[in-house]
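Data first, discussion second: the structure below is written as structure tokens.
Structure representation (structure tokens):
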């Protein structure tokens, strides 16, 4: 009995993809957006990003040490969570807010439900919603003091966010939305930087197009129809503005596609994306609030197990009940 | 342990710790989650429920001989509703501010499942003295649980305790805790702490199923302690 055989069930095919590599790729893909945020909003934005990442990693380390679990900070998932929390903060937010958000996201949303892969909703979005409910005034104060936006002639205090302008039915300069020279959270404004990251993730096949395209596509159609019905000027231009404004780009490419909290099945991903589009449309265009991406995503995160159950593919050789009865 | 059963002190300890209605039986969730926005509300709700629980337990225990079995639930509701009405009027007269902030939750004590549960599970079967102490224990357990949840929610969520500011000025209240999600979060943390305490205690002592009379695991309230393992082992020995 000297030889220990490794007896394990299938699958036996191995790949050298690890959690660390995937999370590293996501972090890398978020770098353009982070850089854009720092350039646009100044040094304080950089401080917020660093503090978010550090507190997320530290919370994960401390929790796992206290509960005697294997320390998983080297898989970089906490770095991604912290970075996403930082990108979801307004540029001049007091630093204690992202720290609280990281602690909540990592410990309550992720670790208490079993750690990586077990979280029932995206930890970064759970943290964001926790913070928006708790500190609504600080979390919706998008005034910029540093960087390009702080230096520009825009009156930072009184000028509205793109979504607030769009809410009134007026269009917003599309070039500003694309480059990100608008007011918003650190990482959400520059659609250009986010798309660079998204293309990178698609290219190395960390994400696929099903969730983002069904999400944005559904949202596009619904907003276009509404803009036509409501008789807005230049409905197509308005709809494109809606897509590039606010957190939709960040949410659709980087947060709705989180592996643990989105469906695994292909059909499930399409259902998930369409529902996200409908919910975001309802929040933005029908309800009173300006933004609805984060609530839409965490809502659908909670429905993910149900979607998976309804779209479970059949194993080879197994027949559905109805077909089996026919025979 | 069997000898102690139904003794006044055992009943009170049972209500506070062993079968705490909120943290162990998970009963009465609606008032627990809705009225614990502040410590004052929590105490008001807890004490009024305790008064009604003791009175209805006593009345039901006294009347159990003449209530027909098939009509017991309507009878219990009539008895409980009468006491709720009395408490409602008393509160409106003497504590109008608490009455105003608890609002609909005072009349809703009629359908509080702790009161119905104790009537059905205990007062309808036992004598008046035990029933009074059972109601007292359950009521105190409920009040303490509400006070704990209410205190944490008020201190973290508003920076005050019983309406007085106790946190330093630099502290920024976390609004979430006095809203509905905060109630679920705080409640869940206390249930987790309670489970940790009890399961830990059960592991430290050698749990003897025969001594504790839990040979039949399906009906045992303390299944969480042993997971049914000692009883199963016992059966194997017998076989």
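Residue numbers (this note's numbering), protein chains in the order written: chain R, 1 to 327; chain U, 1 to 239.
Cβ atoms here follow ideal geometry from the backbone N, Cα and C, with glycine treated the same way.
CB contact below 8 Å: residue 134/R versus chain U: Here the question's residue 134/R lines up with position 134 in the first chain. Output row for residue 134/R: interface = yes.
When 83/R, 117/R, 285/R, 55/R are compared against residue 219/R, the one with the closest alpha-carbon: By one-based count along the first chain, residue 219/R stands at place 219. With distances taken between Cα atoms, residue 219/R lies closest to 285/R.
Extent of the continuous alpha helix (DSSP H) to which residue 240/R belongs: Translated into positions along the first chain, residue 240/R becomes position 240. Residue 240/R -> alpha helix (DSSP H) spans 235-244.
Residue 35/U, DSSP secondary structure in three states: On the second chain, position 35 is the one that residue 35/U refers to. Reduced to three states, the DSSP call for residue 35/U is coil.
Segment contact flag, the stretch 31-47 of chain R with the stretch 84-94 of chain R, C-beta cutoff 8 Å, min 3 pairs: yes
Where residue 7/U sits in the DSSP three-state scheme: Residue mapping note: residue 7/U aligns to position 7 of the second chain, counting from 1. Looking at residue 7/U - three-state DSSP - the assignment turns out to be coil, as it is neither helix nor strand.
Among 132/R, 29/R, 162/R, the one whose alpha carbon lies nearest that of residue 240/R: Walking along the first chain from the start, residue 240/R turns up at place 240. Ranking the options by Cα distance to residue 240/R, first place goes to 162/R.
Beta-carbon proximity check, residue 159/U vs residue 173/U, cutoff 8 Å: Along the second chain, one-based indexing puts residue 159/U at 159. Along the second chain, one-based indexing puts residue 173/U at 173. It is a contact, given that the beta carbons lie within the stated cut-off.
Distance, residue 37/U Cα to residue 188/U Cα: Counted from its first residue, the second chain places residue 188/U at position 188. Counted from its first residue, the second chain places residue 37/U at position 37. Between residue 188/U and residue 37/U, the C-alpha separation is close to 16 Å.
Chain R contacts made by the stretch 149-181 of chain U, where a contact means CB separation under 9 Å: The stretch 149-181 of chain U vs chain R, Cβ under 9 Å: 157, 172, 173, 174, 175, 176, 177, 179, 181.
Rounded separation between residue 306/R and residue 268/R - CA only: Position 306 of the first chain, counted from the start, is the residue given in the question as residue 306/R. Position 268 of the first chain, counted from the start, is the residue given in the question as residue 268/R. Approximately 9 Å, taken between the alpha carbons.
Below-8 Å beta-carbon distance, residue 130/R vs any chain U residue: Working through the first chain from its first residue, we reach residue 130/R at position 130. Cβ-Cβ to chain U under 8 Å: yes for residue 130/R.
Three CB pairs or more closer than 8 Å across the stretch 43-59 of chain U and the stretch 189-205 of chain U: Contact between the stretch 43-59 of chain U and the stretch 189-205 of chain U is absent, because fewer than three Cβ pairs lie under 8 Å.
Exposure of residue 54/U, with buried meaning 16 or more beta-carbon neighbours within 10 Å: As a working mapping, residue 54/U is identified with position 54 in the second chain. That one is buried.
Beta carbon of residue 15/U nearer than 8 Å to that of residue 140/U: Counting from one through the second chain, the residue named residue 15/U turns up at place 15. Counting from one through the second chain, the residue named residue 140/U turns up at place 140. Yes, Cβ-Cβ distance for residue 15/U and residue 140/U is below 8 Å.
Cβ neighbour criterion (16 or more within 10 Å) applied to residue 230/R: The residue given as residue 230/R occupies position 230 in the first chain. Label assigned to residue 230/R: exposed.
For residue 279/R, the first and last residue of its enclosing alpha helix (DSSP H): The residue labelled residue 279/R in the question sits at position 279 within the first chain. Unbroken alpha helix (DSSP H) run through residue 279/R: 266-281.
Residues near residue 273/R in its chain [Cβ-Cβ closer than 6 Å; skip 5 each side]: Taking the first chain and counting its residues from 1, one reaches residue 273/R at position 273. Correct list, in chain order: 211, 214, 215.
Rounded Cβ spacing between residue 56/U and residue 79/U (contact assumed at less than 8 Å): By 1-based counting over the second chain, the position of residue 56/U is 56. By 1-based counting over the second chain, the position of residue 79/U is 79. At roughly 5 Å, the Cβ-Cβ gap stays under 8 Å, so residue 56/U and residue 79/U are in contact.
7 Å Cβ shell around residue 289/R - same chain, five flanking residues per side excluded: Against the first chain, residue 289/R aligns to sequence position 289. Contacts found: 283.
Unbroken alpha helix (DSSP H) run spanning residue 301/R, endpoints: If you number the first chain from 1, residue 301/R lands on position 301. Secondary structure note for residue 301/R: its alpha helix (DSSP H) is the uninterrupted segment 293-310.
Length of the line joining the Cα atoms of residue 66/U and residue 127/U: Sequence index remark: in the second chain, residue 66/U carries index 66 (1-based). Sequence index remark: in the second chain, residue 127/U carries index 127 (1-based). About 14 Å.
Among 258/R, 170/R, 80/R, nearest to residue 245/R - alpha-carbon criterion: Taking the first residue of the first chain as position 1, residue 245/R is located at position 245. Here the closest residue by C-alpha is 170/R.
Own chain partners of residue 263/R with C-beta closer than 8 Å, once the 5 adjacent residues on each side are dropped: Numbered from 1 along the first chain, position 263 holds the residue referred to as residue 263/R. 269, 271, 272, 304, 307, 308, 311.
CB of residue 108/U within 8 Å of CB of residue 30/U, strictly: Taking the second chain and counting its residues from 1, the one referred to as residue 108/U is at position 108. Taking the second chain and counting its residues from 1, the one referred to as residue 30/U is at position 30. In terms of Cβ geometry, residue 108/U and residue 30/U form a close pair [threshold 8 Å].
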